[in-house]
Amino acid sequence: MNLSTRIMTICILVATAALALGYGLNRQPIGVLVFVALGLLWLVGQRYALRAFAGLGMLGFTGGALLGTLYGVQSGWMLVGITAALVAWDLHHFIQHMRVSEQAETTPEDAGERADIEGRTDAEARVLEHLHLRRLAIVSGLGLLLGTLALTVRLTLSFGIIVALGLVAIYGLSRLVHYLRQESD
69 MNLSTRIMTI CILVATAALA LGYGLNRQPI GVLVFVALGL LWLVGQRYAL RAFAGLGMLG
129 FTGGALLGTL YGVQSGWMLV GITAALVAWD LHHFIQHMRV SEQAETTPED AGERADIEGR
189 TDAEARVLEH LHLRRLAIVS GLGLLLGTLA LTVRLTLSFG IIVALGLVAI YGLSRLVHYL
249 RQESD
């Protein structure tokens, strides 16, 4: 869990810096202060394992990114900030889930068996963590790539083509979810 915790902290800092910098470049100092304070609160909540702070941080960053688009803040900063916040939020919930599952496991009375089980569950937890981090990196990387493409490429499409592309996207996402469920089993 140490790697996930470090990555979560880095993502909170990246989200804070991206949104604060975006607002700062748009000459809105109150937005900068709000995001610095929100990022610091999220880090404090992470430090003391306060569950509600991740949800509130994600809500604050999402609302700030939405307001940033309305106030004319460059969309690239908003995309990076919201993606980093989403990764931090996901990792927070992953870490909490792993802690709960570790506490729920019962250990036998024999100390030798307990050490064997703890070593095995530690290795299993590391494997799960690496699998989760790999999937999260793929999804967030694709999200950033597709978001960047959406922000930079301008196309004029007819309604029929848009509907067809939407159906293809829905089918592709359903296949991806099905594949990921099979991989996790």
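Positions 69 to 253 (our numbering) are the ones given, in order, by the sequence shown. The beta-carbon is built from N, C-alpha and C at its ideal position, and this holds for glycine as well.
Assigned exposure category for Q114 - 16 Cβ within 10 Å defines buried: Position 46 of the sequence shown, counting from 1, holds the residue named residue 114. A buried status is given to Q114, since no fewer than 16 other beta-carbon atoms sit within 10 Å of its beta-carbon.
Helix, strand or coil at A120 [DSSP, three-state]: Residue 120 sits at position 52 when you count from the first residue of the sequence shown. Helix at A120.
R243 (DSSP reduced to helix, strand or coil): Your numbering for residue 243 matches position 175 in the sequence shown. Here R243 sits in helix by DSSP.
Backbone secondary structure at L109 - three-state DSSP: Stepping through the sequence shown from its first residue, residue 109 is reached at position 41. Shown here, L109 sits in a helix according to DSSP, grouped into three states.
CA-to-CA distance, I150 to T73, given in whole angstroms: By one-based count along the sequence shown, residue 73 stands at place 5. By one-based count along the sequence shown, residue 150 stands at place 82. Distance between the alpha carbons of T73 and I150: 18 Å.
Touch test, the stretch 217–227 against the stretch 156–169, Cβ-Cβ under 8 Å, three pairs minimum: In short, these stretches do not touch, since the Cβ pair count stays below three.
Where R47 sits in the DSSP three-state scheme: The chain is shown from 69 up to 253; residue 47 falls before or after that span and cannot be answered.
Distance between beta carbons of W145 and L67, contact taken as under 8 Å: In the structure displayed, the chain extends from 69 to 253; residue 67 sits before or after that span and is not available.
For G131, three-class secondary structure by DSSP: The residue labelled residue 131 in the question sits at position 63 within the sequence shown. G131 falls in the helix class under three-state DSSP.
Boundaries of the alpha helix (DSSP H) in which L87 is found, first to last residue: What you label residue 87 is simply residue 19 of the sequence shown in a count that begins at 1. Per DSSP, L87 is one residue of the alpha helix (DSSP H) stretching across 70–93.
Per-residue DSSP class, three states only, for T174: Your numbering for residue 174 matches position 106 in the sequence shown. Its pLDDT being 48, under 50, T174 is placed unreliably in this model, and the value from its coordinates should be taken loosely. Residue state, collapsed to three classes: coil.
L201 versus R95 - alpha carbon distance: Here the question's residue 201 lines up with position 133 in the sequence shown. Here the question's residue 95 lines up with position 27 in the sequence shown. C-alpha separation (whole angstroms): 36 Å.
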